[in-house]
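Encoded as structure tokens, the structure appears first; notes follow it.
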Amino acid sequence: MQTAINRQFRLASRPVGDITADNFEYREEAIPQLSDGEVLVRTIYLSLDPTNRIWMSDRPQYMPPVEIGQVMRGGGIGVVEQSKNPNFKTGDLVSGMLGWQDYALALGNTGLDITKLPNPLPYPLTALIGPLGMTGFTAYFGLLDIGKPKAGETVVVSAAAGAVGSVVGQIAKIMGCRVIGITGSDEKCRWLVEELGFDDAINYKTANLETALAKSCPDGIDVYFDNVGGAILDAVLTKINLHARIPLCGLISTYNATEPVPGPYNYSQILMQRSLVQGFIILDYVPRFGEAIKDLGQWLNQGKIKYALEIVEGLENAPSAILKLFDGSKIGKLAIKVSQEPV
Ligand SMILES: NC(=O)c1ccc[n+]([C@@H]2O[C@H](COP(=O)([O-])OP(=O)(O)OC[C@H]3O[C@@H](n4cnc5c(N)ncnc54)[C@H](OP(=O)(O)O)[C@@H]3O)[C@@H](O)[C@H]2O)c1
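Numbering (my numbering), first residue to last: 4 to 346.
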């Protein structure tokens with residue numbers, strides 16, 4: 004799996020609707036040469052995230068879109084292969100926006116920043132792709148900082164069997180809440196309840212959502228962690244309690260839309276129930292990541308947080324694997340294994 008060339012996927016065109024393979028251009032380049040101050044990083048894991056779809060479009064967003072012809076942006080974990088930077092040495096494990104490629108040049112004048120991971124690493128490297136990575140931090144700060152769940156309250160989370168949602172629900176259980184997950188298959192519902200300890204789970208593809216929510220949330224909904232928007236948000240709004248909190252994390256049901264998406268029909272409930280809706284972007288919490296690592300790491304060690312990973316082998320499969328974020332065909336966190344972990 005280790006290559007002598009640098010395989011890359013560059014953005015070839017902006018998707019209209021679903022992502023297709025021809026939105027990417029495959030290239031083989033020489034492994035880049037280092038200048039002073041730079042390091043050469045070999046990608047081990049490449050994270051595939053719904054936000055990749057946002058970056059591929061040129062709609063208004065929280066970072067500049069990926070330009071046509073640029074290497075596709077993507078977060079990853081890698082290992083330093085060569086260094087001309089005094090703060091990094093060969094063998095250091097690092098994380099950063101390594102992109103859809105085998106090798107990335109970082110630091111110096113490259114414009115790419117990287118973070119050194121602890122050595123020795125107290126957790127498996129894959130935990131840093133999962134709950135101890137960006138998606139775990141997103142769950143942690145979105146739920147605790149904005150959702151502010153209190154023991155005994157009811158928390159509902161959508162895309163509940165995904166990377167963010169599965170951690171949200173487990174943190175809410177740790178906080179003493181009743182937790183209901185909304186997801187897209189019976190298998191995922193079973194995983195949430197039987198493996199992760201959710202109180203109930205609803206398959207939004209087969210259930211009447213309003214009826215199912217009324218049954219699962221007899222005391223109403225105090226916190227709705229929204230990963231999805233659209234019809235699911237509308238159904239949840241009919242059941243929110245006075246002073247409900249809605250951390251707005253994502254809107255995945257709209258990312259492939261080709262027409263403008265209407266706002267929630269039940270918007271008036273936010274007024275009637277004096278509820279709080281707050282959008283957030285995890286990058287704003289970078290200075291506080293240490294708090295999340297401490298708590299999530301402890302809960303992981305105590306077995307209070309479990310996680311599933313769908314690791315697809317091979318960079319060449321990234322353009323097809325990313326579709327799994329939208330077709331519901333994976334449980335937990337999706338990533339590509341680009342090359343072997345160091346032994
Ligand atoms: N604000 C931030 O800083 C931040 C950071 C990370 C992620 N996010 C957002 O958080 C959300 C979850 O991200 P993730 O990384 O944890 O992804 P994920 O949940 O692991 O994967 C996406 C899941 O969304 C569900 N989904 C896809 N299309 C859907 C649709 N049309 N309607 C309802 N559900 C749909 C699918 O599961 P089902 O089988 O349940 O349909 C899919 O597995 C995304 O909206 C993402 O953009 C935001």
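Beta carbons are placed, not taken as given, at the ideal position from N, Cα and C, and that holds for glycine.
Taking a C-beta distance under 8 Å as the contact criterion, G223 and L195 do not qualify as a contact pair.
Taking each of S16, F140 and E156 in turn and checking the Cα distance to A166, the smallest one comes out for F140. Uninterrupted alpha helix (DSSP H) stretches at least 4 residues long and entirely within the segment 161-238 occur at 166-177, 189-193 and 212-219, given in chain order. Under the three-state reduction of DSSP, R56 is assigned to helix. Checking the DSSP bridge columns, you'll see A15 has no partner listed.
Every unbroken stretch of the beta strand (DSSP E) spanning 3 or more residues and falling wholly within the segment 298-333 is given here in chain order: 312-316. In the three-state reduction of the DSSP assignment, P250 falls in the strand class, which pools E and B. Put simply, the backbone Cα of L318 is about 8 Å away from that of Q11.
Taking a 10 Å sphere around the C-beta of D52, we find 16 or more other C-beta atoms and assign the residue as buried. Taken from the Cβ of N230, at least one heavy atom of ligand 1 lies inside 7 Å.
Assigned with DSSP and collapsed to three states, F292 falls in helix. For Q272, there is no enclosing beta strand (DSSP E); the enclosing alpha helix (DSSP H) has its first and last residue at S271 to M275. Non-local beta-carbon contacts of A238 in its own chain, meaning distances under 7 Å to residues more than five positions away in sequence, involve L212, E213 and L216 in chain order. Between E190 and K309, the C-beta spacing is not below 8 Å.
The beta-bridge partner set that DSSP reports for T46 consists of G81. By the neighbour-count criterion, in which a residue is buried when 16 or more other Cβ atoms sit within 10 angstroms of its Cβ, S323 is exposed. With contacts defined by Cβ atoms closer than 8 Å, C180 and V158 form a contacting pair.
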